[in-house]
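2 protein chains.
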Amino acid sequence: MASKLVEVLLAADVGPEELAEVISRWFRRATIVVLCRCSIEYRGRASSRAGEAVRLVLLKQDGTVAVHEASGRDPVNWQPRADVRVVVAEDSAVLRATRDSPREELTVSIRGRAWVTVAKLGDVGLQLFGGEDDIVNDIAGNPSRFIEGTTLVAREVGTPYGRVDLILRDGSGRLVIVEVKRGRADVDAAHQLRRYVEYYSRLGLEVTGVLVAPEISGQALKYLKDHGLRYVRYVARATPTAGSS
Amino acid sequence: MASKLVEVLLAADVGPEELAEVISRWFRRATIVVLCRCSIEYRGRASSRAGEAVRLVLLKQDGTVAVHEASGRDPVNWQPRADVRVVVAEDSAVLRATRDSPREELTVSIRGRAWVTVAKLGDVGLQLFGGEDDIVNDIAGNPSRFIEGTTLVAREVGTPYGRVDLILRDGSGRLVIVEVKRGRADVDAAHQLRRYVEYYSRLGLEVTGVLVAPEISGQALKYLKDHGLRYVRYVARATPTAGSS
DNA sequence: CATTCAATTTCGTGG
DNA sequence: CCACGAAGTTGAATG
Chain Y
1 MASKLVEVLL AADVGPEELA EVISRWFRRA TIVVLCRCSI EYRGRASSRA
51 GEAVRLVLLK QDGTVAVHEA SGRDPVNWQP RADVRVVVAE DSAVLRATRD
101 SPREELTVSI RGRAWVTVAK LGDVGLQLFG GEDDIVNDIA GNPSRFIEGT
151 TLVAREVGTP YGRVDLILRD GSGRLVIVEV KRGRADVDAA HQLRRYVEYY
201 SRLGLEVTGV LVAPEISGQA LKYLKDHGLR YVRYVARATP TAGSS
Chain F
1001 MASKLVEVLL AADVGPEELA EVISRWFRRA TIVVLCRCSI EYRGRASSRA
1051 GEAVRLVLLK QDGTVAVHEA SGRDPVNWQP RADVRVVVAE DSAVLRATRD
1101 SPREELTVSI RGRAWVTVAK LGDVGLQLFG GEDDIVNDIA GNPSRFIEGT
1151 TLVAREVGTP YGRVDLILRD GSGRLVIVEV KRGRADVDAA HQLRRYVEYY
1201 SRLGLEVTGV LVAPEISGQA LKYLKDHGLR YVRYVARATP TAGSS
């Protein structure tokens, strides 16, 4: 009962040499959290520089290096699946996280003592419901509920200009291209739909297009009308799990 | 010299009650790192559920709550700028991070003892070079270097279908709509350009379009040609800062 | 490997 | 507050 639920492999205040040692020992074998004063330099797709400040450096088991500040969900600097090397220089541990393709380099210079914690994390992911796929499935299962008189022809159809979510056929035999968005549809979504409709149209098919989403922006709606396309509001069938309101 | 560069306010192995206390005390006042065994539930724009595993829960000073696993730059679950409440239930501390607009709720059930670390992080951000703005500036400063015989007319021009990066005028007085991409231009970028060109064209203006980017995908290039648009490769003027290579 | 598209995208900016 | 577009986007899926 009193057994360890979380095994913290190390938690200590360390100097540069010790920090370098800890990182070398545990990198890619466990998750390393470093609270430290550091400056950052990045060179690759773009380049950036950040002066010295107290930050949190997170080194994950897949090689991810992320440097966090006091705000934001996203790190201020990062390197996904990096190769890491640490060298000790003066009173600093300099962490170099590199990556080919694209070729880029993140350098974190950690000055003075740092607080380092090491632990093994799980990697089980999650089950997500309510993504775009779920909506596509919903429509595919009963197209006429959303667009009157239609039947399913195909789904996830590749074209040279992208993958069409759904293709239906209406009462008069005309194809209906359907683009689905899980959130508010914007002008890009409308344009995506137009791209597909235009493609099939050029093949000589009688074709029309419908954008299905719970909401739509004004510009997107105007764009659809301007190009002879339609918007259909998506409303989930029923409360799948009771409980709310 | 031996003064603290990083002030770690707390680092301790704590039970549910103590953890709840620590979070209540420091939330939004400092950054809290919790290594723990937890399960997660999310309900909002979508919904998700993740079983028990060892994870890292990060609570930042702006209210951000992020739950990290062993891999990935991004958290497995999160809530930006959340309101947080912690209650103790059985042998667990249950953290509820909510948010209005959109209305959503993230629940992290932390079972048993956890390792918690508290520290104040900086929030200075960084200076980034080589973003899209830099490229737009570069072109705006000397349009004819990229597109022969052109002069600057306007930049960041709003249309009903989005904001145009640059408008130039060529030798024959025709408008040239320019869309800029900092990386490889894809078919979406080509479409974006077409949208703008079409808009001005419908207004009765003599207009053409150019996509400027360091690279372009084959399909995007084909799409441009199919619609009478052009691609111009962007090459940075000179090594802005010496030192590399 | 390139290409495309979704994402609980997040994040900034402008109206 | 909405709306749009960039991001060093990341990440997955597909050819």
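Chains Y and F are the protein sequences, given in the same order.
So the first sequence is numbered by the working numbering: it starts at 1 and just counts up by one.
So the second sequence is numbered by the working numbering: it starts at 1001 and just counts up by one.
Just so it is clear, CB atoms sit at the ideal spot from N, CA and C, and this is done for glycine as well.
These numbers were taken from a predicted model, which means no experiment stands behind them.
Is the distance from the Cβ of residue i to the Cβ of residue j below 9 Å?
i                      : j                      : result
residue 157 (chain Y)  : residue 168 (chain Y)  : no
residue 1229 (chain F) : residue 1190 (chain F) : yes
residue 1016 (chain F) : residue 1101 (chain F) : no
residue 1085 (chain F) : residue 1098 (chain F) : yes
residue 117 (chain Y)  : residue 1076 (chain F) : no
residue 1234 (chain F) : residue 1224 (chain F) : no
residue 1222 (chain F) : residue 160 (chain Y)  : yes
residue 140 (chain Y)  : residue 152 (chain Y)  : yes
residue 1210 (chain F) : residue 1147 (chain F) : yes
residue 237 (chain Y)  : residue 138 (chain Y)  : yes
residue 1038 (chain F) : residue 1022 (chain F) : no
residue 115 (chain Y)  : residue 11 (chain Y)   : yes
residue 105 (chain Y)  : residue 42 (chain Y)   : yes
residue 6 (chain Y)    : residue 1054 (chain F) : yes
residue 155 (chain Y)  : residue 1004 (chain F) : no
Give the residues of chain F in contact with residue i, contact being defined as C-beta atoms less than 8 Å apart.
i                     : result
residue 40 (chain Y)  : 1126
residue 160 (chain Y) : 1219 and 1222
residue 183 (chain Y) : 1045
residue 96 (chain Y)  : In chain order: nothing, as chain F lies at least about 15 Å away.
Kindly indicate which residue of the options has the alpha-carbon position closest to the one of residue i.
i                      : options                           : result
residue 216 (chain Y)  : Y:226, Y:186, Y:208 and Y:237     : Y:186
residue 121 (chain Y)  : Y:45, Y:198, Y:31 and Y:237       : Y:31
residue 1094 (chain F) : F:1139, F:1019, F:1103 and F:1135 : F:1019
residue 1061 (chain F) : F:1029, F:1079, F:1104 and F:1226 : F:1029
residue 45 (chain Y)   : F:1133, F:1079 and F:1182         : F:1182
residue 64 (chain Y)   : F:1105, F:1059 and F:1068         : F:1068
residue 1178 (chain F) : F:1083, F:1088 and F:1135         : F:1135
residue 27 (chain Y)   : F:1113, F:1188, F:1070 and F:1008 : F:1070
residue 172 (chain Y)  : Y:145, Y:205, Y:103 and Y:154     : Y:205
residue 188 (chain Y)  : Y:145, Y:218 and Y:89             : Y:218
residue 1103 (chain F) : F:1083, F:1090 and F:1089         : F:1083
List, in order along the chain, the chain Y residues whose C-beta lies closer than 8 Å to that of residue i?
i                      : result
residue 1122 (chain F) : 53, 54, 55, 69 and 70
residue 1062 (chain F) : 70, 71 and 72
residue 1130 (chain F) : 45, 46 and 47
residue 1259 (chain F) : Nothing in the structure corresponds to residue 1259 (chain F), since chain F is present only between 1001 and 1245.
residue 1050 (chain F) : 124, 125, 126 and 127
Alpha carbon to alpha carbon, how far is residue j from residue i? Give it in angstroms, no decimals.
i                      : j                      : result
residue 1180 (chain F) : residue 13 (chain Y)   : 48 Å
residue 108 (chain Y)  : residue 25 (chain Y)   : 18 Å
residue 240 (chain Y)  : residue 1047 (chain F) : In this predicted model, residue 240 (chain Y) has a pLDDT of only 48, less than 50, meaning its place in the structure is not dependable; the value taken from the coordinates is given anyway. Each residue's alpha carbon lies about 12 Å from the other.
residue 201 (chain Y)  : residue 1130 (chain F) : 40 Å
residue 124 (chain Y)  : residue 1128 (chain F) : 34 Å
residue 36 (chain Y)   : residue 1096 (chain F) : 29 Å
residue 199 (chain Y)  : residue 164 (chain Y)  : 11 Å
residue 213 (chain Y)  : residue 196 (chain Y)  : 17 Å
residue 192 (chain Y)  : residue 174 (chain Y)  : 20 Å
residue 1194 (chain F) : residue 1227 (chain F) : 8 Å
residue 1066 (chain F) : residue 1150 (chain F) : 49 Å
residue 119 (chain Y)  : residue 81 (chain Y)   : 18 Å
residue 1184 (chain F) : residue 162 (chain Y)  : 17 Å
residue 242 (chain Y)  : residue 1050 (chain F) : Per-residue confidence for residue 242 (chain Y) stands at a pLDDT of 38, beneath the threshold of 50, marking its modelled position as unreliable; the derived number appears in the next sentence. For residue 242 (chain Y) and residue 1050 (chain F), the distance between alpha carbons rounds to 20 Å.
residue 1009 (chain F) : residue 59 (chain Y)   : 22 Å
residue 1040 (chain F) : residue 40 (chain Y)   : 33 Å
residue 1170 (chain F) : residue 1145 (chain F) : 12 Å
residue 1052 (chain F) : residue 1090 (chain F) : 16 Å
residue 220 (chain Y)  : residue 203 (chain Y)  : 25 Å
Taking residue i as the query, report the chain F residues whose CB atoms sit under 7 Å from its CB, ordered along the chain.
i                     : result
residue 78 (chain Y)  : 1073
residue 195 (chain Y) : 1191
residue 187 (chain Y) : 1161 and 1162
residue 66 (chain Y)  : 1073
Quick one: list the residues of chain Y neighbouring residue i, beta-carbon separation under 7 Å, in chain order.
i                      : result
residue 1114 (chain F) : 6
Could you tell me which residues DSSP pairs with residue i in its beta bridges?
i                      : result
residue 211 (chain Y)  : Y:179 and Y:231
residue 1166 (chain F) : F:1155 and F:1178
residue 49 (chain Y)   : Y:41 and F:1127
residue 1104 (chain F) : F:1099
residue 1064 (chain F) : Answer by DSSP bridge pairing: none, since residue 1064 (chain F) is not bridged.
residue 1136 (chain F) : None; residue 1136 (chain F) has no bridge partner.
residue 94 (chain Y)   : Y:87 and Y:109
Output, in chain order, the set of chain F residues within a Cβ distance shorter than 9 Å of residue i.
i                     : result
residue 146 (chain Y) : Those do not exist, as residue 146 (chain Y) stays about 20 Å from chain F at its closest Cβ, beyond 9 Å.
What residues from chain Y crowd round residue i, counting only those whose CB sits closer than 9 Å?
i                      : result
residue 1111 (chain F) : 5
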